[in-house]
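There are 2 protein chains.
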Amino acid sequence: MPFTYEYPRAALTVDCVVFGLDVDDLKVLLIQRKLDPHQHQWALPGGFVRVDETLDEAARRELAEESGITDVYLEQLYTFGDLERDPRERVVTVAYYALAKLSDHRIRAATDAERVAWFTLDDLPRLAFDHAKIIERALDRLRGKVRYAPIGFELLPPRFTLTQLQRLYELVLMQPIDKRNFRKKILSMDLLIETDEVEQGVRHRAARLYKFDRKKYEKLTRQGFSFAI
Amino acid sequence: MPFTYEYPRAALTVDCVVFGLDVDDLKVLLIQRKLDPHQHQWALPGGFVRVDETLDEAARRELAEESGITDVYLEQLYTFGDLERDPRERVVTVAYYALAKLSDHRIRAATDAERVAWFTLDDLPRLAFDHAKIIERALDRLRGKVRYAPIGFELLPPRFTLTQLQRLYELVLMQPIDKRNFRKKILSMDLLIETDEVEQGVRHRAARLYKFDRKKYEKLTRQGFSFAI
Chain A
6 MPFTYEYPRA ALTVDCVVFG LDVDDLKVLL IQRKLDPHQH QWALPGGFVR VDETLDEAAR
66 RELAEESGIT DVYLEQLYTF GDLERDPRER VVTVAYYALA KLSDHRIRAA TDAERVAWFT
126 LDDLPRLAFD HAKIIERALD RLRGKVRYAP IGFELLPPRF TLTQLQRLYE LVLMQPIDKR
186 NFRKKILSMD LLIETDEVEQ GVRHRAARLY KFDRKKYEKL TRQGFSFAI
Chain B
6 MPFTYEYPRA ALTVDCVVFG LDVDDLKVLL IQRKLDPHQH QWALPGGFVR VDETLDEAAR
66 RELAEESGIT DVYLEQLYTF GDLERDPRER VVTVAYYALA KLSDHRIRAA TDAERVAWFT
126 LDDLPRLAFD HAKIIERALD RLRGKVRYAP IGFELLPPRF TLTQLQRLYE LVLMQPIDKR
186 NFRKKILSMD LLIETDEVEQ GVRHRAARLY KFDRKKYEKL TRQGFSFAI
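From first to last, the protein sequence lines stand for chains A and B.
Going letter by letter, the first sequence gives residues 6 to 234 in my numbering.
Going letter by letter, the second sequence gives residues 6 to 234 in my numbering.
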């Protein structure tokens, strides 16, 4: 045990909240812990930060090791430092979050994870540590963000119907949205480009397909535009 | 040196970005470092987190010790963990920020701070560590926030003119705002209550005084309202 310091030091970890958008559901990725504390309990993928890696690197590494997911954009969420959040000792964790399309990712448990699975948010198992609280905060952030930035466009096909876009917002906000208001607002933002195409292979009247005008969005963002639903 | 661990550990610090709103200026609070590294350089108030205090407690304690400021609402900003940000060793810092009315606070340097002072943002001295980067991020957050939440109403007198409110936004956003558009937007949000009173003791035509409808704001926030300027 060769690492000695003048004052006691907290251990530093990272934890990752990965939201997965399913056809009709918003899920979160959990792993089942192989080791104590909280052995066999479900928890967020995460682990100790190495002294020679950045926080972002640690988050990506732990997520990849424990769940097999390597290509999501993790954004730093918040750092949790309550005194009793880990039964072993003082552990401060830097939490990250991401929103991904569930079907894009194959998951596979390894290292400290016995199992890995997507859970529906309103049917979570009992979680280790303060991970329920971390997920709550990630959801708050996601819902706050979706109101002023078009997060989530990446999760739709390149050409989509307004119904698909509305469903995405309803899933993330977890509440129904009035169709007429939604259409009025989203079209008035002038961020969608109407294409010549309509849906294919549907029984009902085929709906118009739209694509997202990323250039215009970036320009508006620079001007201090706020995307509010 | 009695604290020994199996793996090397980063040191954990907190740093505080306190923005002070002056009559006509947005400033930031800096201290001059008494100790190495970066002795005599200007830096953010901050220091090491004790193993028996939360991150929020550490931020409040360090700010009070080094600057004398005790009553601002510090919000966690971001955690900075670049490998080379401190010349001594790996130090991870949890940054906090606050927006305060400059005239409400008396500042007084103590402990590790030789001096403490408010600096205008476009005239900062050379800063220790990555503190210039931390201030940049705090400014981004503040400007993002002011676009969708009425942060800053606490900084105005209980009854204020629309010109005072516009000036507050201009200071925080650091750009002029068109008067007609600002009034139209701010009044259409229906968050201001027009009072029977007008300004006192002014030479020009006395302007109407308004107060902020906090109850309505809280209700709208719960409904997913977004405050966009």
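Don't be surprised by glycine CBs; every beta carbon is placed ideally from N, CA and C.
- Note that the stretch 212 to 223 of chain A does not touch the stretch 62 to 75 of chain B; fewer than 3 beta-carbon pairs, one per stretch, sit closer than 8 Å.
- What ASP57 of chain A touches in chain B, judged by beta-carbon distance under 9 Å, is PRO13, LEU88 and ARG95, going in chain order.
- Taking C-alpha positions only, LEU40 of chain A is separated from ALA48 of chain A by approximately 11 Å.
- Chain-order list of chain A residues neighbouring TYR102 of chain B: empty, with the shortest C-beta distance near 14 Å, by a criterion of under 7 Å.
- Across the structure, GLU58 of chain A and LEU17 of chain A are spaced so that their CA atoms are roughly 12 Å apart.
- Every alpha helix (DSSP H) stretch that sits fully inside the stretch 155 to 206 of chain A and reaches 4 residues is listed by chain position as 167 to 178 and 184 to 193.
- Among the residues facing chain A, THR75 of chain B is not included, as its CB has no counterpart in that chain under 7 Å away.
- Contact note: THR116 of chain B does not reach chain A at a C-beta cutoff of 7 Å; the least C-beta distance is about 16 Å.
- Secondary structure note for LEU68 of chain A: its alpha helix (DSSP H) is the uninterrupted segment 60 to 72.
- Apart from the 5 residues on each side of it in sequence, ALA105 of chain A sits with its Cβ closer than 8 Å to the Cβ of VAL23, PHE24, GLY25, LEU26, ILE74, VAL77 and LEU160 in its chain, given in chain order.
- GLN81 of chain A has A:TYR101 as its beta-bridge partners, per DSSP.
- TYR10 of chain B has a beta carbon lying within less than 7 Å of a beta carbon in chain A.
- Counting C-beta pairs closer than 8 Å gives fewer than three between the stretch 140 to 152 of chain A and the stretch 118 to 125 of chain A, which falls short of the contact rule.
- Considering only A:ILE36, A:ASP145 and A:THR98, the residue with the shortest C-alpha distance to LEU88 of chain A is A:THR98.
- Exposed is the label assigned to VAL28 of chain A, since fewer than 16 other Cβ atoms lie within 10 Å of its Cβ.
- The straight-line gap separating the alpha-carbon atoms of PHE53 of chain A and ARG111 of chain B is approximately 41 Å.
- Interface annotation for the stretch 158 to 178 of chain B against chain A: LEU178, criterion Cβ-Cβ distance under 8 Å.
- C-alpha of THR9 of chain B to C-alpha of PHE134 of chain A: approximately 24 Å in a straight line.
- Taken through DSSP and simplified to helix, strand or coil, ASP29 of chain A comes out as coil.
- For ALA143 of chain B against LEU82 of chain B, the beta-carbon gap comes to about 6 Å, under 8 Å, which counts as contact.
- Judged by DSSP secondary structure, LEU214 of chain B falls within the beta strand (DSSP E) whose first and last residues are 213 to 217.
- Counting along the chain, the unbroken beta strand (DSSP E) around GLU119 of chain A starts and ends at 118 to 125.
- Counting only Cβ-Cβ distances below 8 Å, TYR222 of chain A has no contacts in chain B at all, with the closest Cβ about 15 Å away.
- When Cβ-Cβ separations below 7 Å define contact, THR18 of chain A makes no contact with chain B.
- Scanning chain A for C-beta atoms nearer than 7 Å to the C-beta of TYR83 of chain B yields GLN81, reported in chain order.
- DSSP lists A:PHE8 as the bridge partner or partners of TYR10 of chain B.
- In this chain, the beta strand (DSSP E) harbouring PHE53 of chain B covers 51 to 53.
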